[in-house]
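Colleague:
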Amino acid sequence: MATKIAPNVGRPREFDMEQALDGFIRVFRERGYHATSIGDLSRETGLTTGSLYKAFADKNAIFVAALNRYVDRRASELNTILADERNGRDKVRALLRFYADVSHGDEGRKGCLVVGGAIVLGTLDSEIADIVHKSMQRVERLLRDLIRQGQADGSVDAALNAQATSSCLFAMVQGLRVVGKLGQRRSDMSMLVDEAMRLLN
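For the sequence shown, numbering that gives the first Met the number 0 assigns the number 0 to the initial residue and increments by one for each residue that follows.
(1) Taking the alpha-carbon of residue 99 as reference, which of 197, 191, 196 and 30 has the nearest alpha-carbon?
(2) Around the C-beta of residue 154, are 16 or more other C-beta atoms found within 10 angstroms, so that it is buried, or is it exposed?
(3) For residue 71, does the three-state DSSP call read helix, strand or coil?
(4) Excluding five sequence neighbours on each side, which residues of the same chain lie with their C-beta closer than 8 angstroms to the C-beta of residue 64?
(5) So the alpha helix (DSSP H) residue 153 belongs to, where does it begin and stop?
(6) Can you tell me whether residue 88 is buried or exposed, with buried defined as 16 or more other CB within 10 angstroms of its CB?
(7) Considering residue 19, what are the terminal residues of the alpha helix (DSSP H) in which it resides?
(8) Along the chain, where does the alpha helix (DSSP H) containing residue 106 start, and where does it finish?
(9) Quick one: what's got a C-beta closer than 7 angstroms to residue 139's C-beta in the same chain, skipping five residues either side?
(10) Given this structure, state the Cα-to-Cα distance separating residue 105 from residue 182, to the nearest angstrom.
This is the structure:
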């Protein structure tokens with residue numbers, strides 16, 4: 000969806016908001032919030048600083064918009080992957096592999112905007128803290144529901160404590176995102192997924 004922005008001179012210009020948000024995401028992931036300037040965001044997207052300030056109040060507002068876009072996009076990608084799996088156990092494995100896949104190599108080094116937001120800004124900005132908290136809650140709840148689905152369809156041990164196990168797996172997922180910043184190998188991440196799946200036995 001294009002957003003009309005009135006520049007300093009001339010006719011109003013338009014830019015694609017989703018494309019701009021994707022550019023903001025790239026910069027914030029690679030540089031972090033504090034190291035990112037409005038100039039960095041302007042250069043990445045090709046938008047003037049005037050256009051950015053007319054569309055957003057400040058850098059914090061840009062980050063909030065980018066974070067919401069990032070969370071929604073990740074959730075959509077994950078839902079698409081899970082839809083192809085046949086039972087609860089396979090869906091848990093698919094979820095873990097999804098996060099392992101985005102936590103190694105160059106993609107992993109870019110980091111997770113949610114984890115970064117939690118570490119850097121989560122205690123300083125209530126709006127960002129709320130987005131981060133809800134995003135993390137959603138993932139942990141999804142893990143719990145998938146484990147219970149597996150218990151219902153027989154693919155996961157019925158005696159398992161679904162809440163405790165989902166909390167453990169969720170902590171591992173967040174750990175993957177953090178250590179991924181160090182440039183982990185795909186094989187290392189796959190090994191962690193295999194070990195984590197043993198919790199469902």
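Positions of the beta carbon are idealized from the N, C-alpha and C atoms, including for glycine.
Modeller: Checking against the coordinates, here is how it stands:
(1) 191
(2) buried
(3) helix
(4) 20, 23 and 55
(5) It is not in any alpha helix (DSSP H) - residue 153 carries neither H nor E in the DSSP assignment.
(6) buried
(7) 16-30
(8) 104-109
(9) 165, 166 and 169
(10) 7 angstroms
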